[in-house]
Amino acid sequence: MKGCIILLFCLFTFFITCNALDNINTTQPLRDGETIVSERGEFEMGFFNTKGLPQNRYFGIWYKKISYGTVVWVANRDNPVANTSGVVTVTSKGIVVLAKETKVWSSNSSTSVNNPVAQLLDSGNLVFRDENEDGPESIIWQSFDHPVDNFLPGMKYGINFDTGMQRYLTSWKSDDDPSPGDFLYRFDPKGYPQVELWKGSNLIYRTGPWVGDRYSGIPKIKPNAIFKVRYFISDKEVYYTFEITNASESAIARSILTPQGNLQRLTWNKQTQQWSIYLSVQVNDCDTYGLCGGNGVCNINNAPKCECMKSFHPKFQAAWSAADWSGGCARNTQLACAKGEGFVKVSGVKLPDTRFSWYDLNLNLNECEKRCLNNCSCTAYSYTDERGGGSGCLLWFGDLTDMRGYTEDGQDLHIRMAASDLDEGKRSSTNRVVVIVLPVLAVTVILVLLLLYAFRKRKLKRTGIQRLGSNGHATEGINKDELDLPLFTFMQIAEATNGFSLSNKLGEGGFGPVYKGMLDKGQEMAVKRLSNTSRQGVDEFMNEVSCIAKLQHRNLVKLLGCCVEEGERMLIYEYMPNRGLDSVIFDEELCKSFDWLKRYNIINGISRGLLYLHEDSRLRIIHRDLKSSNILLDYEMNPKISDFGMARIFGGSETEASTTRVVGTYGYMPPEYAIEGLFSTKSDVYSFGVLVLEIVSGKKNRGFKHPDHNHNLLGHAWRRYNEGKHLEVVDPVIMESNNHYELFRVIQIALLCVQQYPEDRPSMSSVVLMLSSKIELPIPKEPGFFSERNPEQNNHSSSSKCESDTINHISITHLAPR
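My numbering runs 1093 ahead of the 1-based position in the sequence shown.
Below, the structure written as structure tokens:
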């Protein structure tokens, strides 16, 4: 507030208002000393300076009628104009601030207009548009899309996932210096969106998630006649805005992020002619992010402020007793995804950090509870909208961070507990077992179940469910005793997939169709149903079962079981909602939301999954068919390696083998394997390198075309690497990333992986180290399959992102003589 008063009385004594203009056009530029006033005189814009920096001139917007000189927007905040040489002009491309004909700021509009004009609206919004067109659609650029430290009625802050536009607040450096300060207030798109306050690279406060009428961590505001807020969330956009109500059109309100990092909502007091604080977002010490560590709750009314929830204890008792709560709390009994686990409701808390959460706005609380209980990593759940009894589903994984309580304004959080920690009165409704020993009722239930089973079986037969290979050939040679994992009956799978209905079908490959299903306990699954014409026979089926059933890693798809009943061969996996990696990076629309951070995390995840297969598991496994379609993405876009039908298990000190049956996918196979049938861990390293280049470039290796040459993607990357033009390999979608150093390293690591000779390629342990550190990288040698192709060979191919491969077209089985 002190800063606002200083601005009010001191800041703008240096304004010189000459001829007030209506707007700026190509024939009437705005010079220093001239100003433009909005139609009703609410706002004014022009050049100004501050008392602390009188030599610097800034182009901005300030209040005119009230609080004269209180600036709400600045254009050239980090590039001031010296003295009074500034001029603002308009071109067909946008608004430009000049200092002695040198451009110091531009609106950078991408669209050209025939009759450009810049106009200041009574909302305080500076717009660039075509003078001959009317309506919101005529606006090409507006200052409301680029806020500084003030948030005015009608503004939005948030993220447009389609365009990539982010609207956020940044503080002034000081009360007298409008250059960008230390504080940033923005939406975080990870998990369930929430708004965060950052000081440099440190997260210092978050609002908590939106809970229907406010943010979880902001005190509940009583209905008022001054303003109303609106929150919008969809797959395409998330934003927050507020408007002055019709009943109080004369009221004036704004929000500001002060240079000290305080976020305040202010209203104009007509009696005192000053700004009054209506709401401060940060109230006390408990608003400091993560003050009490993981699973700790901050209660400002207690001494000490931090406490552990029931069935939790301080992780480091000595430090906790010394008021160092950063270590947080640990469970008395660790979760084991065991029978009897349930939930305890904790009321009146600010919901934990949602950056690594999952949400579904359409589920009810019962469905939400089931979803959490069936996910072994889920540690808590709550609703996304607290109104009307609660709706929507929000799940947390791992420790629960940055909770505040216990207040009337807080929400209900259902925390997963081990069976031994559950109190009788706090058991989840799904785990309450009411035992009624009534023989008559028991007999009745059994009879009903038998009748329903018979009816369902008859219905399935009537609908014509075909059991493939009913003559027994499909399961011939399979010994059920050799299958070291749960076995499902055909009827269980049929019921779970609604009779293998088309509405449950996820896709189809060379092995046959894949269906989505739901088990009795609510667990989602994907059923891979091998057809009679599948390339995968009994050997491949047994190979995949024997390989993956013995593997447990977060970056490998989990096999839940299989079915070998009545001539069927079916594999049941955990359900991956975001499908295969190829469906994202090669899709023209989906790839736009696939930023560098997501791609980098996926590259890291795949590398760690391969390291586990090659070195860390009790079996040494060569995948032999690593490709984009065999990388599946879970709810949090974590990668999981799938399809082990072609994998080989190495025993003892075995590191290399040969085969006369070359299997895999063209474009991902290394030369020694495709030509000579030799394979080793370095074969997977080569495939990984190809995959990394595809993730970085958004292009497929096989079918890649370039006007300058006829190389595949590997050859193109090699040429650009030698020319020092790494960025020409990068997908334009992630070109805006500031991590160019990281991009260079990843491209170089990929080229090291695809070198022609296996002995030159790094091991996966070296790859993981190179990705996670800044150690010096070796110089890569020429990649395999680098030779230039005949242009006519590529006439049938395209590198368009609209193209989608199918397993039928790109997976091969080739018999080669030895």
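The beta carbon of each residue, even a glycine, is placed where N, CA and C say it ideally should be.
Beta-carbon proximity check, L1454 vs G1485, cutoff 7 angstroms: A distance below 7 angstroms separates the beta carbons of L1454 and G1485.
Contact between the region 1701-1721 and the region 1641-1650 (3+ Cβ pairs under 8 angstroms): Touching, yes, given that three or more Cβ pairs across the two stretches are closer than 8 angstroms.
Once you ignore the five residues that flank D1777 on each side, which residues in its own chain have a CB closer than 8 angstroms to its CB? Same-chain partners within the cutoff: L1703, L1706, H1707, I1715, H1716, R1717, L1719 and M1857.
By how many angstroms is the C-alpha of L1580 removed from the C-alpha of N1572? Note on N1572: pLDDT 48, under 50, position unreliable in the model; the coordinate value appears next. The alpha-carbon atoms of N1572 and L1580 are separated by roughly 12 angstroms.
For R1741 and N1832, I'd like the C-alpha separation in whole angstroms. Distance from the CA of R1741 to the CA of N1832, rounded to the nearest whole angstrom, comes to 37 angstroms.
Distance check for F1878 and E1765, CA to CA, integer angstroms please. Each residue's Cα considered, the two are about 10 angstroms apart.
What span of residues does the beta strand (DSSP E) with G1605 cover, start to end? Note, G1605: beta strand (DSSP E), G1605 to M1611.
Please name the residue or residues paired with A1211 in a DSSP beta bridge. Looking at the DSSP assignment, A1211 forms a beta bridge with I1117 and F1221.
Which residue marks the beginning of the alpha helix (DSSP H) containing A1423, and which one marks its end? Element bounds for A1423: not the alpha helix (DSSP H) but the beta strand (DSSP E), C1422 to R1424.
Of the listed residues N1467, V1822, G1782 and G1387, nearest to K1798 (C-alpha basis): Minimum Cα distance to K1798 is reached at V1822.
Have a look at the DSSP bridge pairing and note the partners of S1865. When DSSP reads this structure, S1865 sits in no beta bridge, so it has no partner.
Tell me whether R1124 sits in a helix, a strand or coil according to DSSP, three-state version. Here R1124 sits in strand by DSSP.
Keeping to the same chain, check which residues put their C-beta closer than 8 angstroms to that of G1837; ignore five residues upstream and five downstream. It should be pointed out that residue 1837 corresponds to Phe in this sequence rather than to Gly. Apart from sequence neighbours up to five positions away, the residues of its chain that approach F1837 with a beta-carbon distance below 8 angstroms are H1819, ordered along the chain.
For the beta strand (DSSP E) that contains G1301, what are its first and last residues? From DSSP, the beta strand (DSSP E) with G1301 extends over N1295 to P1302.
Could you tell me whether the region 1605-1618 touches the region 1460-1480, where touching means 3 or more Cβ pairs closer than 8 angstroms? The region 1605-1618 makes contact with the region 1460-1480: 3 or more CB pairs, one atom from each, lie closer than 8 angstroms.
Residues near D1223 by beta carbon distance below 6 angstroms, same chain, minus five either side: Contacts found: V1206, N1208 and S1231.
Going by DSSP in three states, M1663 sits in which element: helix, strand or coil? Strand, per DSSP.
Exposed or buried, what is L1545 when buried is set at 16 or more other beta-carbons lying within 10 Å of its beta-carbon? Exposed: under 16 other Cβ atoms inside 10 Å.
In whole angstroms, what separates the C-alpha of C1399 from that of F1409? Looking at the two C-alpha atoms, the distance is approximately 13 angstroms.
Do T1494 and G1600 count as a contact pair if the criterion is CB distance below 7 angstroms? Note that the C-beta distance between G1600 and T1494 is not below 7 angstroms.
If contacts are defined as beta-carbon pairs under 8 angstroms, then R1150 and F1136 qualify, I think. What distance do you get, rounded to the angstrom? With 8 angstroms as the limit, R1150 and F1136 do not qualify as a contact, their Cβ atoms being about 19 angstroms apart.
Starting from Q1287, follow its DSSP beta bridges and name the residues at the other end. Paired residues: D1281 and P1302.
Own chain, CB closer than 7 angstroms to E1336, minus 5 neighbours either side, in chain order: Hits under 7 angstroms: P1246, G1247, F1320 and K1321.
Looking only at C-alpha atoms, which of T1195, V1288 and P1122 sits nearest to V1210? When the alpha-carbon of V1210 is set against those of T1195, V1288 and P1122, the nearest one is in P1122.
Can you pull the DSSP bridge partners for I1232? DSSP output for I1232 lists R1222 as bridge partner(s).
Within this structure, are the beta carbons of S1202 and W1166 separated by less than 7 angstroms? Taking C-beta atoms as the reference points, S1202 and W1166 fail to come closer than 7 angstroms.
With burial defined as no fewer than 16 other Cβ atoms inside 10 Å of the residue's Cβ, what is the status of T1556: buried or exposed? Here the model assigns T1556 a pLDDT of 40, short of 50, so the residue's position is not dependable and the matter cannot be decided.
Which residues in the same chain have their Cβ closer than 8 angstroms to the Cβ of R1525, if we skip the five residues on either side of it in sequence? Confidence is the limiting factor: at R1525 the pLDDT is only 43, short of 50, which leaves the residue's position unreliable, though a coordinate-based value still follows. Cβ neighbours of R1525 beyond the five flanking positions: none.
Nearest to G1421 by alpha carbon, out of E1869, A1429, H1406 and S1710? G1421 has its Cα closest to that of H1406, out of E1869, A1429, H1406 and S1710.
Residue(s) in a DSSP beta bridge with E1617: As DSSP reads the structure, E1617 sits in a beta bridge with M1611.
Using a threshold of 7 angstroms, state whether the C-beta atoms of Y1474 and C1461 are closer than that. Yes; because the gap between Cβ atoms is below 7 angstroms, this pair is in contact.
Tell me whether the region 1436-1452 and the region 1487-1505 touch, counting them as touching only if at least three CB pairs, one residue from each stretch, are closer than 8 angstroms. Segments in contact, yes.
V1541 classed as buried or exposed, judged by whether at least 16 other C-beta atoms fall within 10 angstroms: Residue environment: V1541 is assigned as exposed (fewer than 16 neighbouring CB atoms within 10 Å of its CB, all protein chains considered).
Residues that F1449 bridges to, as DSSP identifies them: According to DSSP, F1449 bridges with nothing at all.
Determine, using beta-carbon pairs with one atom in the region 1835-1852 and one in the region 1797-1815, whether at least three such pairs fall under 8 angstroms. Yes, they touch.
Near L1146, what residues of its chain come up, given a Cβ to Cβ distance below 8 angstroms and the 5 sequence neighbours on each side ignored? Hits under 8 angstroms: P1173, D1269 and D1270.
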